[in-house]
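Going by the numbering used here, the residue at position 108 of the sequence shown is 115; the numbering climbs one at a time, nothing skipped.
Positions of the beta carbon are idealized from the N, C-alpha and C atoms, including for glycine.
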Amino acid sequence: AALGSSNAQAQAARIPAGNARCQFFADMIVAYDGKDRSSEERKQIQTKVDAIVGDAKKLTAVDRNVQVDFSATHSQPRRGCEGSELFGGKVEYESIKSIKRKVDLLNRFRCHPFGTIL
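The structure is reproduced here in structure tokens:
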């Protein structure tokens with residue numbers, strides 16, 4: 008009984024993020040020194056990243072057990088973004104917006120990449 012109750016508490020205490028229900032997740036990090044790359048090389052890198060992101064978005068249509076979460080994709084807003092996609096669903100997105108409005112009255116994070124959608 009104690010285990011069940013602690014599981015329930017853990018469920019209730021989860022942060023409303025896209026990967027809260029994941030058993031496994033992987034991050035994609037693309038790091039390069041932009042000053043050492045030509046404009047064409049930077050465009051090629053962006054094109055490759057866009058292709059990977061596009062393929063990842065298609066995964067959920069192939070396997071409903073696969074969830075793709077872009078909540079930490081800081082370059083995502085340059086491509087346009089949907090809050091419900093970035094934060095793991097409409098309920099999570101609305102919850103995060105509500106929390107942010109309560110705790111960040113001065114909009115301190117307005118320069119954050121997701122500032123425009125929160």
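Less than 8 Å separates the beta-carbon of K97 from that of S91. Separation of F94 and N114 (C-alpha to C-alpha, rounded to the nearest whole angstrom) is 19 Å.
For E89, the three-state secondary structure derived from DSSP is coil.
The DSSP-derived three-state label of Y39 is coil.
Residue burial is scored here from C-beta neighbours: Y100 has at least 16 other C-beta atoms within 10 angstroms and is therefore classed as buried.
Non-local C-beta neighbours of V73 in its own chain, meaning closer than 8 Å and more than five positions away in sequence, comprise L66 and T67, ordered along the chain.
Inclusion of V56 and V37 in the CB contact set at 8 Å is warranted, their separation being smaller than that value. Where R49 is concerned, the enclosing alpha helix (DSSP H) starts and stops at S46 to V69.
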